[in-house]
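So in our numbering the end of the sequence shown lands on 303, straight run, no missing numbers.
Glycine residues also receive a C-beta, built at the ideal position from the N, C-alpha and C atoms.
Here the structure is a predicted model, which means the values were calculated and not measured.
Structure first, then comments.
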Amino acid sequence: MNSDVIRCCVVDDEPLAARLIASYVEKTPFMTLQGVYNSAREAVKVILSGEVDVVFLDIRMPQLSGMEFARLVPKGVQVVFVTAYSDHAVEAFRVGATDYLVKPVSFDEFSSASNRVKERLLSLPADNIRADGRLIVRIGRGLEQIVTCDILYVEALKDYVRIHLVGRSPVITQTSMKSIERHLPAESFMRIHRGFIVNTYRIERIDRQKVSVGGNILPVGESYRQIVGDYISSHFPGD
Numbered sequence: 065m066n067s068d069v070i071r072c073c074v075v076d077d078e079p080l081a082a083r084l085i086a087s088y089v090e091k092t093p094f095m096t097l098q099g100v101y102n103s104a105r106e107a108v109k110v111i112l113s114g115e116v117d118v119v120f121l122d123i124r125m126p127q128l129s130g131m132e133f134a135r136l137v138p139k140g141v142q143v144v145f146v147t148a149y150s151d152h153a154v155e156a157f158r159v160g161a162t163d164y165l166v167k168p169v170s171f172d173e174f175s176s177a178s179n180r181v182k183e184r185l186l187s188l189p190a191d192n193i194r195a196d197g198r199l200i201v202r203i204g205r206g207l208e209q210i211v212t213c214d215i216l217y218v219e220a221l222k223d224y225v226r227i228h229l230v231g232r233s234p235v236i237t238q239t240s241m242k243s244i245e246r247h248l249p250a251e252s253f254m255r256i257h258r259g260f261i262v263n264t265y266r267i268e269r270i271d272r273q274k275v276s277v278g279g280n281i282l283p284v285g286e287s288y289r290q291i292v293g294d295y296i297s298s299h300f301p302g303d
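The structure is reproduced here in C-alpha cells:
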C-alpha cells in the first residue's frame with residue numbers, strides 16, 4: 065500500500081450486489097474505489113497494473129471463477145470473497161483470502177473485513193516475509209483463517225486457546241498450545257510460558273521476567289527464562 069488510502073475494486077457478475085459493495089467502499093473513509101467489474105476477465109488488467117490494494121470478489125462467475133482469478137492476483141493484493149455460498153470458505157483461505165463474506169452483507173460485516181484488510185496491509189513487514197502466513201482454526205461450527213503476522217500472542221485456556229489479534233477481538237478455538245506452536249513459524253513466535261506464545265515482531269518491551277505485547281504485560285515462566293534470555297542476547301547484544 066503506497067498511502068493511507070486503500071485502493072479497491074469490486075468484481076461481481078450480479079450488478080446489484082456489486083453496487084452494494086461499491087457503495088460500502090465509498091462510505092469507508094480510508095478506502096477509494098478504483099472500479100466495478102461484472103466479470104473477472106474485465107478486472108484482470110487493473111489488478112495486474114499494481115493500482116489495487118484489495119479486491120472484493122464474487123466466486124461463482126462465468127468464464128473465470130473467483131477462485132481461479134484469486135490465483136492470478138499478485139502477491140500483496142488482498143482478496144475478500146463476497147459470495148452467496150458458504151461452502152467455499154476452506155478453499156478461499158487456501159488461496160490466501162483475507163476474509164470471506166456471505167451475502168447479504170451488512171455494512172458492519174463489510175467494515176470488520178475492511179479493518180482486517182487495513183491492519184494486514186499496515187502490519188506486513190517491509191520485506192513481506194510472512195512465512196506461510198496463514199493459520200486455519202475452527203471457530204464454532206466454521207473455520208477461520210488468521211494471518212500469522214496479525215497475531216499478538218496466544219494464551220492457553222485449559223482445553224482452548226485464545227488468540228489475541230491486532231485491531232480486533234480475540235478468537236477462541238478448541239486446541240492445545242502444542243498444536244498451535246507446531247503450526248506457527250518458529251522464526252517469529254516464541255513460547256515464554258506454559259500459558260503464552262508471543263509474536264516476536266510485536267514485542268514492545270522484554271526482559272527475563274516479563275514481556276509486553278499489545279499493551280499487555282505477560283510473565284516469563286521459570287523454565288522459559290533461558291529461551292527468553294537467549295533471544296535478548298541475540299537481538300540486543302550488550303544488554
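Can you give me the Cβ contacts of residue i inside the same chain, cut-off strictly under 6 angstroms, excluding the 5 residues immediately before and after it?
i	result
P79	none
Between which two residues does the alpha helix (DSSP H) containing residue i stretch?
i	result
Q98	Looking at the DSSP string, Q98 is not in any alpha helix (DSSP H); the run it does join, the beta strand (DSSP E), is 95–101.
Q290	289–299
I123	It is not in any alpha helix (DSSP H) - I123 carries neither H nor E in the DSSP assignment.
H247	241–247
A104	104–112
R71	Per DSSP, R71 belongs to no alpha helix (DSSP H); it is in the beta strand (DSSP E), 70–75.
A153	153–158
Rounded to a whole number of angstroms, what is the C-alpha to C-alpha distance between residue i and residue j?
i	j	result
E173	L165	8 angstroms
P309	I236	The structure shown does not extend to residue 309, since the chain is modelled only from 65 to 303, so the question has no answer here.
V275	F300	14 angstroms
S240	R232	22 angstroms
N280	R184	21 angstroms
P168	Y217	33 angstroms
V74	S150	19 angstroms
C72	A220	37 angstroms
V108	Q209	25 angstroms
E245	F145	28 angstroms
T162	I267	24 angstroms
Take the Cβ of residue i as the centre, count every other Cβ of all protein chains shown within 10 Å, and call the residue buried at 16 or more, exposed below.
i	result
Q290	exposed
K242	exposed
P189	Here P189 scores only 42 on pLDDT, less than 50, and its place in the model should not be relied on; the value that follows carries that caveat. The residue in question, P189, is exposed, as its Cβ has fewer than 16 Cβ neighbours within 10 Å.
D122	buried
S178	buried
I111	buried
R135	exposed
V181	buried
Q98	buried
Which residues in the same chain as residue i place their Cβ atom closer than 8 angstroms to its Cβ, once the five residues preceding and following it in sequence are excluded?
i	result
F57	Absent from the model: residue 57. The displayed extent of the chain is 65 to 303, so no value can be given.
Y295	M254, T264, I270
Please report whether the beta-carbon of residue i lies at a distance below 8 angstroms from any beta-carbon of chain D.
i	result
T212	No chain D is part of this structure, which consists of one protein chain only.
Can you name the start and end residues of the beta strand (DSSP E) that residue i belongs to?
i	result
A82	Careful: A82 lies outside any beta strand (DSSP E), inside the alpha helix (DSSP H) at 79–91.
V275	274–277
V141	It is not in any beta strand (DSSP E) - V141 carries neither H nor E in the DSSP assignment.
Leaving out five residues before and five after residue i in sequence, what residues of the same chain have Cβ atoms less than 7 angstroms from its Cβ?
i	result
V284	I256, H257, R272, Q273, K274, V275, V292
Y288	R255, I256, H257
P234	R226, I227, H228
Are the stretch 207–225 and the stretch 257–271 touching by the rule of at least three beta carbon pairs closer than 8 angstroms?
yes
Would you call the stretch 114–131 in contact with the stretch 139–150, where contact means no fewer than 3 C-beta pairs closer than 8 angstroms?
Short answer: they touch.
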